[in-house]
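So the sequence lines, in the order shown, correspond to chains A and B. Taken in order, the first sequence gives residues 5 to 360; the numbers are from the numbering used here. Taken in order, the second sequence gives residues 5 to 360; the numbers are from the numbering used here. We treat Cβ as the ideally placed atom computed from N, Cα and C, and that holds for glycine. Note that the structure is a prediction, hence the values are computed from the model and not measured.
Number of protein chains: 2
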Amino acid sequence: MYKHDYLYDFTKRVFLKMGCSREHSEIIADVFLAAELRGHASHGMIRIKDYYDLWKAARINVSPEIRIVHESPSTAVVDGDNGIGMVAARKSMEIAIEKAENAGTGWVATRNSNHFGIAGYYSMMALKHDMIGICLTNANPLVAPTFSISRMMGTNPVAVAIPALEQPPFVADFATTPIARGKLAVAEKKGEKVAFGFVQDKTGKPSDDPSILKSGGSMLTLGGDRLHGSHKGYCLSAIVDIFSALFSGANFGPFVPPSVAYLPVLGKKVGEGTGHFFGAMRIDAFQSPWDFKTKMDEWIGTFRSAIPAEGEERVLIPGDPERESEQRIMKEGIKLVPAIKDDLVIIARELGISFE
Amino acid sequence: MYKHDYLYDFTKRVFLKMGCSREHSEIIADVFLAAELRGHASHGMIRIKDYYDLWKAARINVSPEIRIVHESPSTAVVDGDNGIGMVAARKSMEIAIEKAENAGTGWVATRNSNHFGIAGYYSMMALKHDMIGICLTNANPLVAPTFSISRMMGTNPVAVAIPALEQPPFVADFATTPIARGKLAVAEKKGEKVAFGFVQDKTGKPSDDPSILKSGGSMLTLGGDRLHGSHKGYCLSAIVDIFSALFSGANFGPFVPPSVAYLPVLGKKVGEGTGHFFGAMRIDAFQSPWDFKTKMDEWIGTFRSAIPAEGEERVLIPGDPERESEQRIMKEGIKLVPAIKDDLVIIARELGISFE
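Structure follows, in structure tokens:
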């Protein structure tokens, strides 16, 4: 088990060694560790190697100049200068919050960025300002629209964080596919099948093979098939893509660049890098924050006391599992599987720092 | 088959006779007919009786004074004065568009409203202003959160309309459940079972009985079950509820009032009426409209040319089915089933107007 602070310091040193500024390295480490604590290890330490390999391949800029290229009272477009996604994303969300201070709401579209970790992190930045935070991003294409076999969209997540008074905040952070890609990889490593409704083969037939993406298969949108509403998941994923890419001038859909160096740079570009979209909404642009947050406590209390189905213990509020994970992992420590540890040992050696 | 104009004039006369102003009656008729044309007959002429019965029961205000009760440069809260939902919704979306003209984006939360027809109608109002339009609403509770058997949420739809240049606009308008409630009613009338994944019985067991809501059952969220991502549909539906009710001061979740007179007024209120949420985003607050809409044409062209799965003919863009329905129905006319026609004949007779 690793202590949070040890992995935070290590991560920070990795990015410092890669040439990131102190400020940027701290932001990046903070987002990686937030993923580990919140139980989304698929976006945690396992990903350091991806960023490191992109840097070795000179496909990512470690000293980006992040700047606003267009704005209105409540909006801005930010260019991430091909930097590490966390840096552009955090700056973009800060701008959204600033805009909201003045105009009631703030909306920022970001282009020329890269994979930014967990979307929930940025949405939660709004909470301490008595604002609702929103974060969307597109991602490299693995997902087919309804009726199609072409990989046209990423798992395009939606995150929304809403403050309460006594209750912990409502934090939804979900991919617009039934499962995250990481779960396919886990099943594949264990030699297990997955349930039907997650992936299809190269002809569009339902599949339970977690390695089907390697033979021309694709992931399905939330809903699974047309009968069960996959066209609604497709709508949602498409909206995330358009808000992230077309407002900002980033690549859309099948042209979003890979977030790993072992996949080649795409031949066709329709914009700059990966795109994100951020929103901040001041509660008091609508209601007195006290009234709103009191009602939010009541909303949470009402939903938490919904009657569980037979065999279930309790009804959850979005954000409950992640908060409980945070509390547990902060106390117990972070577990890294041997393969991830081995990767980090190699990276540490190559960069001349220590990891054990 | 009925001509569009005949049903429009009839609908307008019904609401005039109920005491609505000419302007309001025209708005209401326009939304009803838009639902018919777009192939959402479940929100069309069949619903006139619901509004009529609410009026007879003195549960709806036909001369509402719709007013802004709170605002910031990019936001407003509107009170619908317990009017017919279409009237408050259309006015609210107009305010969102006005706000966007000045601040780049405009966001309006509306309380004390009622059922407003199809959400897509209001989102599409933004298109001719070179804006993206958004519309959300909560609705009377039929849907259980993941792990629960309590009906806590409505089918809470999301509508987003995005303009293109040569291509028709992208218009997504979808309930956050696998199917609309109307489809259960249709299956029930035909004596058919439905697929698993739409509803559960009163203990939380999967059910294929379309009449299960009458014996304590509930609808499921998009995703169907936890394994297939129902918690994501729950997140989405909860976000729609919170944006619609808590920003505005409307009733949330299980307290949203029924949209039909045969269900009793609820004993507990936590706000005023039904809640909606509207957004308008000026394209040029982010990009030159020409650049954006050219890219949108490219986006649509790219997705339309995705490869169909075996046995499928083509890949659709959100809004395609509704637009094709509009073109067909405008030419062929609107078909009303005998039961609906009978209802309208009775309403016409009671109001002293003609319908045949």
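In the displayed model, cysteine 139/A falls within a strand according to three-state DSSP. Contact of glutamine 291/B with chain A is assigned, a C-beta pair being separated by under 8 Å. For isoleucine 72/B, no CB of chain A lies under 8 Å from its own CB, so it is not counted at the interface with that chain. Under the DSSP assignment, aspartate 245/B falls outside any beta strand (DSSP E), being part of the alpha helix (DSSP H) whose first and last residues are 234-249. Listed in chain order, the beta strand (DSSP E) elements of length 3 or more contained wholly in the region 147-185 of chain A are 162-166 and 174-178. Contacts with chain B at 8 Å (Cβ-Cβ) include lysine 236/A. By the criterion of a C-beta distance shorter than 7 Å, glutamate 30/A is surrounded in its chain by Lys16, once the five residues flanking it on both sides are discounted. The CB of phenylalanine 282/B never comes closer than 9 Å to any CB in chain A; the least such distance is about 12 Å.
The continuous alpha helix (DSSP H) containing alanine 93/A extends over residues 89-107. Within the same chain, Phe359 come within 6 Å of leucine 348/A by CB-CB distance, once the 5 residues on both sides are set aside.
In the same chain as arginine 318/A, and ignoring 5 residues on each side of it, the C-beta atoms closer than 8 Å to its own belong to Arg308 and Pro312, in chain order. In the DSSP assignment, glycine 279/A falls outside any alpha helix (DSSP H) and lies within the beta strand (DSSP E) extending over 278-286. Glutamate 69/B sits in coil when the DSSP states are folded into three classes, being neither helix nor strand. A Cβ-Cβ separation of about 5 Å places phenylalanine 281/B in contact with alanine 113/B under the 8 Å criterion. Beyond the five residues adjoining it in sequence on each side, alanine 92/A comes within less than 6 Å, by CB distance, of Ile70, Gly84, Thr114 and Ser117 in the same chain, given in chain order. If you check each beta-carbon in the region 292-316 of chain B against every beta-carbon of chain A, the ones closer than 7 Å belong to Phe296, Lys299, Met300, Glu302, Trp303, Thr306, Phe307, Ala310, Ile311, Pro312, Ala313, Glu314 and Glu316.
In this structure, the beta-carbon distance from glutamine 171/A to glycine 253/B does not fall below 8 Å. For alanine 113/A, the three-state secondary structure derived from DSSP is strand. Under the Cβ distance rule, valine 274/B counts among the residues neighbouring chain A, one pair being separated by less than 8 Å. Listed along the chain, the chain A residues whose CB falls inside 8 Å of the CB of glycine 257/B are Trp303, Thr306 and Phe307. Secondary structure of glutamate 360/B (DSSP, three-state): coil. Residue contact with chain A for serine 154/B: present (Cβ-Cβ distance below 8 Å to some residue of chain A).
Methionine 285/B belongs to the set of residues whose beta carbon lies under 8 Å from a beta carbon in chain A. Comparing alpha-carbon positions, the option among Leu267/B, Pro182/B and Leu226/B lying closest to alanine 61/B turns out to be Leu267/B. DSSP links methionine 223/B through a beta bridge to Val147/B and Val203/B.
Close to chain A, meaning a Cβ-Cβ distance shorter than 9 Å, are the following residues of the region 172-190 of chain B: Phe174, Ala176, Asp177, Phe178, Ala179, Thr180, Thr181, Pro182 and Ile183. Only residues of its own chain outside the window of five on either side were considered, and among them Phe36, Ala39 and Glu40 have a CB closer than 6 Å to the CB of glycine 48/A, listed in chain order.
Closer than 8 Å to the CB of histidine 232/B there is at least one CB belonging to chain A.
Sixteen is the threshold: when 16 or more other Cβ atoms of the shown chains lie within 10 Å of the Cβ of aspartate 245/A, as they do, the residue is buried. In this structure the region 348-357 of chain B does not touch the region 192-208 of chain B; the number of beta carbon pairs closer than 8 Å is below three.
In this structure, the straight-line span from the alpha carbon of glycine 201/B to that of phenylalanine 200/A is close to 13 Å. C-alpha of alanine 184/A to C-alpha of cysteine 239/A: approximately 18 Å in a straight line. Looking only at Lys193/A, Thr278/A, Ser234/A and Ala123/A, the smallest Cα-Cα distance to glutamine 204/A is reached by Ser234/A.
Under the DSSP assignment, alanine 289/A falls outside any alpha helix (DSSP H); it carries neither an H nor an E label.
Secondary structure of tyrosine 266/A (DSSP, three-state): coil.
Between isoleucine 138/A and serine 127/A, the alpha-carbon positions lie close to 5 Å from each other.
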